[in-house]
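K.L.:
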Ligand SMILES: *[C@@H]1O[C@H](CO)[C@@H](O)[C@H](O)[C@H]1NC(C)=O
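Numbering (my numbering), first residue to last: 4 to 270.
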């Protein structure tokens, strides 16, 4: 069955938007093998799509990760294999880049770095404020100015084998250092007529593309009407919902704990 997850930041005010403001980004899917010794024991799946960064706008592929809060891209300063296997961002070549330190503008000299862990890996990088656009270049896309982390180091595991270049964290603002690092918050603040919603369609078939939508959800993929549920403990930054019941084949699974939490994200 096609799976649709549609989520809403409840604390943000609704902006009236037209359905044709929907921004649909097709997602590629990668099966990444998990080895035990020499054997492939399972596959994890990664879904990723293209964004445009900087001026001139360059294309990068990113995972839209609901379990983290920052945007990161490999930097040209990173020479490791994991970085060289991907498109790398060059802040010196972008006229829309503002080089930052932890406290604000970078005044030259030694520059602050931040370390962020992503699942099993880690990224160490600088801060840059940049123009990040969803469905086109700076001139015609839906863009927000956001603080991004440009990775000067990035662990080979897991990044080397991923086909995508970077990550856009779509977690709630509290997962980010501050809200200026949160792409979705910045988009909601600055995007004209931007409805602060996103929705995923994860296809069950490899010949039908999965997609992520911004500004609403793609109703063409729905089999029933949309239901809303509050985020549990939103201050933790995760899209957590309470699970009240688990039913398998029409039977309630009695061993299900009375309250379980499910977090949407990638690991
Ligand atoms: C980054 O951009 C600057 C300015 O265009 C250029 O001089 C430099 O060679 C670029 N760095 C790399 C590694 O491509």
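Ideal Cβ positions, reconstructed from N, Cα and C, are used throughout, including at glycine. Please read these numbers as outputs of a predicted model, since none were measured by experiment.
Which stretch, first to last residue, makes up the alpha helix (DSSP H) that contains residue 148?
P.N.:
No alpha helix (DSSP H) holds residue 148; the beta strand (DSSP E) holding it covers 146 to 157.
K.L.:
Would you tell me roughly how many angstroms separate the C-alpha atoms of residue 250 and residue 68, rounded to the nearest one?
P.N.:
Using only the alpha carbons, I get a separation of about 27 Å.
K.L.:
Would you mind sorting residue 11 into buried or exposed? The rule is 16 or more other CB atoms within 10 Å of its CB.
P.N.:
Interpretation of residue 11 is limited by its pLDDT of 33, a score under 50 that renders its predicted location unreliable; the figure taken from the coordinates is listed afterwards. Classification of residue 11: buried, given that the 10 Å Cβ count is 16 or more.
K.L.:
Could you round the C-beta distance between residue 121 and residue 71 to whole angstroms and report it? I think they count as a contact, below 8 Å.
P.N.:
Sure, about 6 Å apart at Cβ, within 8 Å.
K.L.:
Could you give the residue range of the alpha helix (DSSP H) that holds residue 179?
P.N.:
Unbroken run through residue 179: none, as it is neither H nor E.
K.L.:
Please report the straight-line C-alpha distance between residue 148 and residue 189, rounded to a whole angstrom.
P.N.:
Their backbone Cα atoms lie some 7 Å apart in a straight line.
K.L.:
Would you kindly work out how many angstroms separate the C-alpha atoms of residue 82 and residue 66, rounded to a whole number?
P.N.:
Going from the Cα of residue 82 to the Cα of residue 66 covers about 22 Å.
K.L.:
Between residue 175 and residue 237, how many whole angstroms is the CB-CB distance? I'm expecting something under 8 Å.
P.N.:
Indeed, because the Cβ distance is near 6 Å, the residues count as touching under 8 Å.
K.L.:
How should residue 230 be labelled, buried or exposed, when 16 other C-beta atoms within 10 angstroms of its C-beta is the threshold for buried?
P.N.:
Exposed: under 16 other Cβ atoms inside 10 Å.
K.L.:
Measuring only from the beta carbon, is residue 129 closer than 7 Å to any heavy atom that is part of ligand 1?
P.N.:
Outside the cutoff, so no.
K.L.:
With DSSP run on the structure shown, which of helix, strand or coil describes residue 77?
P.N.:
Reduced to three states, the DSSP call for residue 77 is strand.
K.L.:
Can residue 304 be considered in contact with ligand 1, in the sense that its beta carbon sits closer than 7 Å to one or more heavy atoms?
P.N.:
In the structure displayed, the chain extends from 4 to 270; residue 304 sits before or after that span and is not available.
K.L.:
Return the chain-ordered list of same chain residues with a C-beta closer than 7 Å to the C-beta of residue 80, the five sequence neighbours on each side being excluded.
P.N.:
Excluding positions up to five away in sequence, the list reads 155.
K.L.:
Label residue 9 either buried or exposed according to how many other C-beta atoms from any shown protein chain fall within 10 Å of its C-beta, with 16 as the threshold for buried.
P.N.:
With a pLDDT of 38 at residue 9, under the threshold of 50, the modelled position of that residue is not reliable, and the figure given next carries that caveat. It is buried - the Cβ of residue 9 has at least 16 other Cβ atoms within 10 Å.
K.L.:
In angstroms, rounded to a whole number, what distance separates the CA positions of residue 24 and residue 30?
P.N.:
Residue 24 and residue 30: Cα-Cα distance of roughly 19 Å.
K.L.:
I'd like to confirm something about residue 96: is its beta-carbon nearer than 7 Å to some heavy atom of ligand 1, or not?
P.N.:
Indeed, a heavy atom of ligand 1 lies less than 7 Å from the Cβ.
K.L.:
By the three-class DSSP mapping on this structure, what secondary structure does residue 189 have?
P.N.:
Three-state result, residue 189: helix.
K.L.:
Between residue 256 and residue 203, what straight-line distance do the alpha-carbon atoms span, to the nearest angstrom?
P.N.:
Distance between the alpha carbons of residue 256 and residue 203 is about 27 Å.
K.L.:
I'd like the ranges of any beta strand (DSSP E) spanning at least 3 consecutive residues and lying wholly in the segment 38 to 117.
P.N.:
With a minimum length of 3 residues, the continuous beta strand (DSSP E) runs that stay inside the segment 38 to 117 are 42 to 56, 61 to 68, 74 to 77, 101 to 104.
K.L.:
Would residue 135 and residue 198 be called neighbours here (beta carbons separated by less than 8 Å)?
P.N.:
Taking 8 Å as the Cβ cut-off, residue 135 and residue 198 do not qualify as a contacting pair.
K.L.:
Could you check how far apart the C-beta atoms of residue 152 and residue 119 are, in whole angstroms? I think they sit under 8 Å.
P.N.:
Between residue 119 and residue 152 the Cβ distance is about 6 Å, and since that is below 8 Å, they are a contact.
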